[in-house]
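Read top to bottom, the protein sequences are chains A and B.
Going by the working numbering, 331 is the number at position 91 of the first sequence; the sequence numbering is gapless.
Going by the working numbering, 302 is the number at position 62 of the second sequence; the sequence numbering is gapless.
Protein chains: 2
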Amino acid sequence: MGAIPQGGSGEGSEVAGTLEEIARLSGVSRSTVSRVINNNARVSPTTRERVLEIIRREGYRPNLTARQLASGRANVLGVVIPLGSPDVLSDPYFSKLLHGIAVEADSHDQHVMLSLAEPSFRHRIDEVAGQGIIDGVIVSAAQEGDPFLVRLIEAGIAFISVGRVDDERVSYVDIDNVGSARQATGHLLRLGRRRVATIAGPLYATASIDRLRGYREALDQYGLQFDNDLVVAGDFTEAGGRAGMRRLLEHRPDGVFVASDRMAAGALNELRASGLQIPDDVALVGFDDIPLSREMEPPLTTVRQQIETLGAAAVNLLLDLIHDPTASASRVILPSELVVRASCGAHLNQERKAIDATT
Amino acid sequence: MGAIPQGGSGEGSEVAGTLEEIARLSGVSRSTVSRVINNNARVSPTTRERVLEIIRREGYRPNLTARQLASGRANVLGVVIPLGSPDVLSDPYFSKLLHGIAVEADSHDQHVMLSLAEPSFRHRIDEVAGQGIIDGVIVSAAQEGDPFLVRLIEAGIAFISVGRVDDERVSYVDIDNVGSARQATGHLLRLGRRRVATIAGPLYATASIDRLRGYREALDQYGLQFDNDLVVAGDFTEAGGRAGMRRLLEHRPDGVFVASDRMAAGALNELRASGLQIPDDVALVGFDDIPLSREMEPPLTTVRQQIETLGAAAVNLLLDLIHDPTASASRVILPSELVVRASCGAHLNQERKAIDATT
DNA sequence: TTGTATGCGTTATCAG
DNA sequence: CTGATAACGCATACAA
Numbered sequence: 241m242g243a244i245p246q247g248g249s250g251e252g253s254e255v256a257g258t259l260e261e262i263a264r265l266s267g268v269s270r271s272t273v274s275r276v277i278n279n280n281a282r283v284s285p286t287t288r289e290r291v292l293e294i295i296r297r298e299g300y301r302p303n304l305t306a307r308q309l310a311s312g313r314a315n316v317l318g319v320v321i322p323l324g325s326p327d328v329l330s331d332p333y334f335s336k337l338l339h340g341i342a343v344e345a346d347s348h349d350q351h352v353m354l355s356l357a358e359p360s361f362r363h364r365i366d367e368v369a370g371q372g373i374i375d376g377v378i379v380s381a382a383q384e385g386d387p388f389l390v391r392l393i394e395a396g397i398a399f400i401s402v403g404r405v406d407d408e409r410v411s412y413v414d415i416d417n418v419g420s421a422r423q424a425t426g427h428l429l430r431l432g433r434r435r436v437a438t439i440a441g442p443l444y445a446t447a448s449i450d451r452l453r454g455y456r457e458a459l460d461q462y463g464l465q466f467d468n469d470l471v472v473a474g475d476f477t478e479a480g481g482r483a484g485m486r487r488l489l490e491h492r493p494d495g496v497f498v499a500s501d502r503m504a505a506g507a508l509n510e511l512r513a514s515g516l517q518i519p520d521d522v523a524l525v526g527f528d529d530i531p532l533s534r535e536m537e538p539p540l541t542t543v544r545q546q547i548e549t550l551g552a553a554a555v556n557l558l559l560d561l562i563h564d565p566t567a568s569a570s571r572v573i574l575p576s577e578l579v580v581r582a583s584c585g586a587h588l589n590q591e592r593k594a595i596d597a598t599t
Numbered sequence: 241m242g243a244i245p246q247g248g249s250g251e252g253s254e255v256a257g258t259l260e261e262i263a264r265l266s267g268v269s270r271s272t273v274s275r276v277i278n279n280n281a282r283v284s285p286t287t288r289e290r291v292l293e294i295i296r297r298e299g300y301r302p303n304l305t306a307r308q309l310a311s312g313r314a315n316v317l318g319v320v321i322p323l324g325s326p327d328v329l330s331d332p333y334f335s336k337l338l339h340g341i342a343v344e345a346d347s348h349d350q351h352v353m354l355s356l357a358e359p360s361f362r363h364r365i366d367e368v369a370g371q372g373i374i375d376g377v378i379v380s381a382a383q384e385g386d387p388f389l390v391r392l393i394e395a396g397i398a399f400i401s402v403g404r405v406d407d408e409r410v411s412y413v414d415i416d417n418v419g420s421a422r423q424a425t426g427h428l429l430r431l432g433r434r435r436v437a438t439i440a441g442p443l444y445a446t447a448s449i450d451r452l453r454g455y456r457e458a459l460d461q462y463g464l465q466f467d468n469d470l471v472v473a474g475d476f477t478e479a480g481g482r483a484g485m486r487r488l489l490e491h492r493p494d495g496v497f498v499a500s501d502r503m504a505a506g507a508l509n510e511l512r513a514s515g516l517q518i519p520d521d522v523a524l525v526g527f528d529d530i531p532l533s534r535e536m537e538p539p540l541t542t543v544r545q546q547i548e549t550l551g552a553a554a555v556n557l558l559l560d561l562i563h564d565p566t567a568s569a570s571r572v573i574l575p576s577e578l579v580v581r582a583s584c585g586a587h588l589n590q591e592r593k594a595i596d597a598t599t
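Written out as structure tokens, the structure reads:
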């Protein structure tokens, strides 16, 4: 037990004081110490070294609050994630996104302050963002016309959205959801499926809307009629995917484009529970390429988006915005790709073709 | 399109200025306005009303940074979550914990600053915690002897751990992991299983250690020999659980106590892939009672811990600590319970008994 | 009940 | 290259 050392129980180890103290201890002025810390100004190598030594010895750390008040910059980026459904956060999409944000922010010496935006306490966030503490905000999965976005815009707070927002004043990073969905659905169509359904995301999310549009476009390309019975909306959770598939099954689809891998996992479970074969009876294509997708049975064909990169891009865009608030809004569209695994029946289909050819 | 109103594009809607301005506008002094805002001091109802009106009209919001510098309190609580494995955050355990923390913090007018503690940038956190910005820290899943904890202790930063820490200086909230694990394992034993294995969590985590201990104690109670072959350590992920079960299968267990539901999900998949029946061939008991457990096939028998409550308790403990830094460390142990579903074979066993009786 | 004065720990401007 | 000195926006003891 007691793997934690017992040292420094008292005041002796207190994290040291103020700029003033360091100044006194090293026989220079506050200003000089400040310059050393922000190592931009010109300080003689000798004094710099001496001051640094004292700082190290005392374990001094600048008071971020004071620094922020004086400089107007906090070096803290806010991240807002909607907590609509109870466990959105457990979607691997968010952990990846956060990871990407955290790493990139760190490389720019920025702290990250994460807010789980329970609708009920969004006030808290704009309280923070409005005055101090945070220099800017990254908003994920904002909804169309979300009052929170309006607030951000009107208050002139620097922010960028992860996901398209239809307003010329807002900057965002996103992937081509329409095109990706079109490609994914088209893939099923090309493999010969004709009753291709879709489990869409919640329809207030732009990503869902776009993916649904892509689905329609693919149908159009193949001259197929859009059938309302073959469309259900989920909520990006596994349970939602499963429920969606259950409803879909009444209409006998032979292929389903699912708007997220997590929902696809649920759909897959429902299919198995119904005794249906994947991809033989029903082919599946997902969206996101979360780690789980590779391990499903069968492995899931899905649209891969580089979620970490999305997060990193968001950070960079936000920093640009913070440095130059007058800059006009910018958009970054990152590439995505279809990863073909077994759930779509691509291999199967080839076999079928082979069989067809020989008979 | 354009669901976002176009109003207030310019400076007209800027979030208003300073205490000073409000004071001038309402014809009183800064102090009075300050008192109104912190509505604790005695201010005449008349002036209070007038000032409040101006504040509303101007959309004034106090600058948290300045307030913090002046008062020494930030009203921001830090939450540190280790980012050891890539997607820990996607464990429903954490979303629940965070949710519990967020809600409780909000009810106390506290902001929450979440830090994903990539080991590589922990420095960032203690930078923040050391001086300003946050008043205290909630640490989750700290490891024994973690240098980060040492730092926190030595720097005299108010913090509480979610999960036992063996140091009399640290406060924590936890459940009775040993007892719960003993009960869970004992349940399998009572049902007649005799080769009961365990998939433990990572052995640097106290929760894992405790649960493993509980497992041993249950074995002892039943006079069974502890068998090293029947113990594997996972990493709390689904993949880890699956891999663990694979190794375990060589030793033909008839029951497994899995230290987390997420790992249990993986274990279950592996069992199915091996063509084994649950619970007939192998009975399973998990830990956590995440939402998924109810939907597994068969539904998972598991130890339910009230994770949100754990988070809320952590917040309250931390606030106490912040208000009275001299208070001695305190511990809170929350109750947990075994939720019996189908994966342990409790029902099955009853049937067996019935059959045994009639033959 | 209200106002005045001072300080919180930095940064930044301006002299030297 | 270095040192005073004035902000930054608010809280708070003290005086009125």
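Cβ atoms here follow ideal geometry from the backbone N, Cα and C, with glycine treated the same way.
Going by DSSP in three states, residue i sits in which element: helix, strand or coil?
| i | result |
| --- | --- |
| ARG275(B) | helix |
| GLU577(A) | strand |
| SER343(A) | Looking at the sequence shown, residue 343(A) is not Ser but Val. Residue state, collapsed to three classes: helix. |
| HIS351(B) | strand |
| ARG434(A) | coil |
| ASP529(B) | coil |
| PHE399(A) | strand |
| ASP414(B) | strand |
| ALA201(B) | Nothing about residue 201(B) can be reported from this structure: the residues present for chain B run from 241 to 599 only. |
| GLN461(A) | helix |
| ALA421(A) | helix |
| ARG487(A) | helix |
| ALA582(B) | coil |
| THR599(A) | The predicted position of THR599(A) is uncertain, since its pLDDT is 32 and thus under 50; a value taken from the coordinates is nonetheless stated next. Looking at THR599(A) - three-state DSSP - the assignment turns out to be coil, as it is neither helix nor strand. |
How about residue i: is its C-beta nearer than 8 Å to some C-beta of chain B?
| i | result |
| --- | --- |
| ILE373(A) | yes |
| HIS339(A) | yes |
| ALA398(A) | no |
| GLU577(A) | no |
| GLU457(A) | no |
| SER411(A) | no |
| MET241(A) | With a pLDDT of 36 at MET241(A), under the threshold of 50, the modelled position of this residue cannot be trusted; read the value that follows with caution. Chain B contact via Cβ: present. |
| ALA569(A) | no |
Please classify residue i as buried or exposed, where buried requires at least 16 neighbouring CB atoms within 10 angstroms.
| i | result |
| --- | --- |
| LYS593(B) | Confidence at LYS593(B) is low in this model, with a pLDDT of 41, below 50, so its placement is unreliable and no value can be given for it. |
| HIS587(B) | exposed |
| THR425(A) | buried |
| ARG482(B) | buried |
| GLN517(A) | exposed |
| ARG301(B) | buried |
| SER514(B) | exposed |
| GLY267(A) | exposed |
| GLY474(B) | buried |
| GLY432(A) | exposed |
Shorter than 8 Å from the beta carbon of residue i to some beta carbon of chain A?
| i | result |
| --- | --- |
| THR598(B) | Interpretation of THR598(B) is limited by its pLDDT of 34, a score under 50 that renders its predicted location unreliable; the figure taken from the coordinates is listed afterwards. Not an interface residue. |
| ASP331(B) | yes |
| GLU260(B) | no |
| SER500(B) | no |
| ALA342(B) | yes |
Going along chain A in order, which residues have a C-beta closer than 7 Å to the C-beta of residue i?
| i | result |
| --- | --- |
| MET503(B) | None at all; the shortest Cβ gap to chain A is about 14 Å. |
What does residue i touch in chain B if you count any residue whose Cβ is under 9 Å from its own?
| i | result |
| --- | --- |
| ASN279(A) | The contacting residues do not exist; ASN279(A) stays about 16 Å from chain B at best. |
Using alpha carbons as the reference points, say which of the options lies closest to residue i.
| i | options | result |
| --- | --- | --- |
| LEU470(A) | ARG487(A), GLN461(A), GLY481(A) and PHE476(A) | ARG487(A) |
| TYR551(A) | MET536(A), VAL402(A) and ARG430(A) | Per the sequence shown, residue 551(A) should be read as Gly rather than Tyr. The shortest Cα separation from GLY551(A) among MET536(A), VAL402(A) and ARG430(A) belongs to VAL402(A). |
| ALA582(B) | LEU337(B), ASP520(B) and ARG307(B) | ASP520(B) |
| ALA398(B) | VAL377(B), ASP386(B) and ASP416(B) | VAL377(B) |
| ASN315(B) | ARG290(B), GLU478(B), PRO322(B) and ILE374(B) | ILE374(B) |
Anything in chain A within Cβ reach of residue i, meaning under 8 Å, just list it in chain order.
| i | result |
| --- | --- |
| THR305(B) | THR305, GLN308, LEU309, ALA314, GLN371, GLY372 and ILE373 |
| ALA479(B) | PRO531 and GLU535 |
| ALA582(B) | Here the premise fails: no neighbours, minimum Cβ distance about 14 Å. |
In chain B, which residues lie with their C-beta within 8 Å of the C-beta of residue i?
| i | result |
| --- | --- |
| LEU511(A) | Chain B residues near LEU511(A): none, gap ~13 Å exceeds 8 Å. |
Show which residues of chain A have a CB atom less than 9 Å away from the CB atom of residue i.
| i | result |
| --- | --- |
| LEU354(B) | VAL319, LEU338, VAL352, MET353, LEU354, SER355 and LEU356 |
| ALA445(B) | Here the premise fails: no neighbours, minimum Cβ distance about 13 Å. |
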